[in-house]
Every structure is written in structure tokens, then in C-alpha cells.
Amino acid sequence: MKKIIYTVFGAFYLFGVSSCDVERFPYNAIEQGQSFQSVDDASKWRNVFYSQLRARSYGVYAMATEAQADIVNAAMSSNNVYGDIHRWDNLTPGNYEIEEVYRGYYQALNNINIALEGFAKINPTTTKETDSLNRYVADAKLGRAFYYHKLIQRFGKSYNAQTASSDLGVALVLKQDLNGMPSRATVEQVYTQILTDVKEAGDVLNVYDGHPGSVRFNKDVVSALKARILLDKKDWAAAKESALTVINSGRYTLYSTKNQLENYWKEDDAQETIFEPKTSAPDERPPQMSLFYGYSNATKDYRPVFLPTQGLMDIYESSDFRKSIYFLKAPTLQNGTVYTDYYMINKFPGSSALNADKGTNYNSPKMFRIAEMYLIVAEAAYNANPNDTDALKYLNLLRVSRGASSLNVSGSTLYQAIKNERLRELAFEGFRLEDLKRWGDGFKRMAPQSTDIILTGTHLNEKEVQAIDPKFVWAIPARDVTVNPNMVQNPGW
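Written as C-alpha cells, this is what we have:
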């Protein structure tokens, strides 16, 4: 049996195709072993890593969890798009969005594992080639850490030092095995592997300085990812230290005017961006955040699937210019009627570089931003020591840069202010459900702008979720549990 990898436009895509006694390869295919002959081959695999990373940012990977949380309402004409996710009550292991996210991450991991095994067989001939190959290996390991962190966030319990060694994590697959039937590792084992990959990647990437808008991994991306992981692991001191490493580099500064921040989200300016996958029209565009925007160029109105809640908009001060950037009052068509008094989500309006017309809303995925690092410092500092002045300091540095007032609070009031600031800054980017889960907070869906243009009911605008609800952790997709007898389903599914 010879495994074949088909190439499309110079990039490698795995289709799991096999053939017995093949004497001649198809003109558009190469045997897997033949795709690791040189460092140039390795660079092509590295390009696939970044391409797949772009394809797994935004879109369903961010919208699904935001739809499940407390900050949006399903519009009247939403036609049950993400309906089960939004309602919680009909959510099953066969849900399409759950399957798509799970499959997408593991497909990318499979390619990374194949590449790492293949890279080990390449013999560079010069120092430059050795350095390049080492960087490609580091890129692959950091990508693997990123995906496993995403998987453990969605499909495993929140990290608890007392139970992590027995809590169900996700399957750790570090080598390609088409016949493998992996069982689930523990949460502790998954985090150990993630941080091992981050360290090994950092040992190589620490010589590559970051810069705003970087489209390649570098030492700042290592620190930013590490800070995010350690925050979820509740290793507060280390999370703070890692985030401060990026902030103190001085390479990324917070925008401090409305025009600057508006251009950041509208035209993908890069001053605050630590890392974003390369994007270009028409072939290298990321998924759209279309369910939040829904603009029709033909009729010049908006047809969003989800609308922002009034409760969310009300947590912004009038002087906070994020409010006028993230939300837009515009005509919206719902069930044949145009409404003019309601707000849409305008955080991803589509940049001119990526959109031929306003009917699409492609924006470069801002996967790591400096604002998140300020929020990590604030939360980690508070949890490590509620009297740590850095908690209030870095919270206020972010708030003031956005036009909001400086706060003078402490104790539980400060912690709630930090939580609210994460929501204000990171809304709709895929953080909200993960934050609620990490904090151990249940929720009541925030008040709507109006019940006239949304779907209403106990499981919709009135939805209440307890912190212990098992569906904060997604199910392992039904097919994976069915075909793999070693795969145990999450409780409550």
C-alpha cells in the first residue's frame, strides 16, 4: 500500500487516498515519502500550516461560541442557523458546527504531524538551510500547541489543579496513524504536551523578533500564545510574566483615537496585531464573520443572523469609542420588513483590500492582539494577588486608550471590571464562552434591543445557564465515538 498526497496549486492536501501495487503515480500526485526530499519541500509544507491556520480563524471557529454565549440574539429570519448552538436545549453530539470545528482542528494537526515526521528525514546542506528547517519545525510545533489549546478549551474541562490528572481532555495524536483508535488523554497531559511544544518552538523562535502585523510565528507570538494558555491553566504569575514580555517589548502600542481603532477593524491596520495569517484577494481570504454582518449589496440593507444585545451595548461608556465602531445602526431586513432603529455588529465590516464590494466582509484574522495581553496581565495579576497594583494599572491603560474613564476600584468590584473589560474589548472574536467557562460563571442572556426583530422564548432571549451546565464543554462528535470504541463521550451528552 502506498499513500499518495495530491497537490493543488503547489500546496499539499491529504485525502487519505491509497492504492495497491501502483507502478505509476498520477501526474498531479507524489508519494508521501517523496514530498520530504529538500528544505524547499519543507517550506511548502510550512506554507500549508499557515494556509490552514487562516482557514481555521474566524467563521465558525469564532461565531459558534459567541452565538452560544450571552451577548447576541437570534434575528427573526435567522432560519435556525446555529440555532441548536444558540438554544443549548437541542444540542447533540451530531451538531454540524461541533463536528466542523473538531474535524477542522484535527485535520490540521494531522498535516502537522506528517510534516514533523517528514522534516526529520531531510538533510540540510548549508547553515542557512539548517536554520530554515529548524524554523519550520518550530512553526509546526507552535501550530500544534495552538490547535491543542483550542481543542482542550472546547472539548475538555477547564483546568483545575486538583482534578486535572483525571479530568477528560482530548486525544493526543502526535504521529499519523490511519488505523489508530486513540483514547482521551487527561487535561493535565494535554496541557503538558501543549507547553512542551511551546517551549521547543520558543527555543528556536526566540531569535526572530516580532513586529506589528507579522504573518509568521516569532518570539512574540510564542509569548502571546503562552500567556493565553497559562491564563487558562490558572498559572497566574507565569501568565502575567509572559504577557508583560510582549507589552514591554515596545513593539505594539494601543490605539488611542477613534479614527485609529476604526481603521484597524475596517482596513486591517496592524499596529496592535501581534500575529495575523497572511491574507490576500481573491485566493487567500479567511472565513467571513457573515452571520454578524449580513450586508446585501443588491438591496443595500443588512440581514444578520445574530444581533447584539442591548445589555452588551449598555456596558460601554458614552465616551468609549469602541461602541460606535463595533455597532452600527442601519436598515435591517427581517421577514420581509425593513427595520431602521436597530444596531448590527460592525466589528468585521470587510477591508477594501479583501473585498470586491461591500457584499462580503472579509477581514484579516487578528489572532493575537496587544490589547489581549493587557487584559491577561490584569486578570492574572488580580488572581495571583488581589492587591497587586498591576491589575488596576493595566486595566486602566487599556480603558483610557479607548476613551473610557480611569477606574479606582478594588476587590471583587475590580475583578468584575476586568471581566467586563474583556467583554468590551474582545466581543465577537470567539472569547466569551471560553471566558465564562474559565471563570466558572453561568449567565442569563443579556436584554435584547427589542423583541420585535428577534426570536423569543425560554431558550432564546430568556436563556439562563448554570455554571455547572455540561454543555459548556462540547461533545466529542457522534461519529468519532461510534467508530472508535476507545473514545469516551463527555458527561451530559
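Just so we're aligned: 395 in my numbering is position 386 of the sequence shown, and the numbers increase by one with no gaps anywhere. Virtual Cβ for every residue (Gly too), placed ideally from N, Cα, C.
By the criterion of a C-beta distance shorter than 8 Å, N122 is surrounded in its chain by R153, V182, L183, K184, Q185, once the five residues flanking it on both sides are discounted. Residue L432 holds the alpha-carbon nearest to the alpha-carbon of R331 among N394, L432, S47.
Among the bridge pairs identified by DSSP, Q343 is matched with T346. Cβ-Cβ separation between S265 and S410: approximately 5 Å, consistent with a contact (criterion under 8 Å). If you ignore the 5 residues before and after A247, its C-beta comes within less than 7 Å of the C-beta of L239, all in its own chain and listed in chain order.
Ranked by how close their Cα comes to the Cα of N470, the residues K480, M455, V224 have M455 in first place. Distance from the CA atom of R163 to the CA atom of V482, rounded to whole angstroms, is 6 Å.
Per the coordinates, the alpha-carbon of K53 lies some 16 Å from the alpha-carbon of L118. Three or more beta-carbon pairs drawn from the region 79-94 and the region 305-316 are found closer than 8 Å, and the two stretches are therefore classed as touching. Contact annotation: A236 and S251 have beta-carbon atoms nearer than 9 Å. In the structure shown, F128 falls within a helical segment according to DSSP collapsed to helix, strand and coil. Looking at the backbone, the Cα of A129 and that of F45 are separated by about 9 Å. The C-alpha of Q498 lies about 29 Å from the C-alpha of L125. Of the residues assessed, E473 falls on the exposed side of the cut-off, its CB having fewer than 16 other CB atoms within 10 angstroms. In this structure L363 is buried. Its beta-carbon is surrounded by 16 or more other beta-carbon atoms within 10 angstroms.
When DSSP states are grouped into helix, strand and coil, F481 belongs to the helix group.
In this structure, the beta-carbon distance from G439 to A476 does not fall below 9 Å. According to the DSSP secondary-structure assignment, R112 is paired through a beta bridge with no residue. For the 9 Å CB-CB criterion, G412 and P395 do not form a contact. Following the DSSP letters along the chain, one finds L445 inside the alpha helix (DSSP H) bounded by residues 441-448. Beyond the five residues adjoining it in sequence on each side, S305 comes within less than 8 Å, by CB distance, of Y311, R312, L342, G368 in the same chain, given in chain order.
Comparing alpha carbon positions, the residue from Y348, E285, Q116, P102 closest to L187 is Q116. Sorting K375, M376, N405 by C-alpha distance to the C-alpha of Y383 places N405 at the top. Spatial neighbours of Q202 in its own chain (CB-CB distance under 7 Å, excluding positions within 5 residues in sequence) are listed in chain order as Y157, L181.
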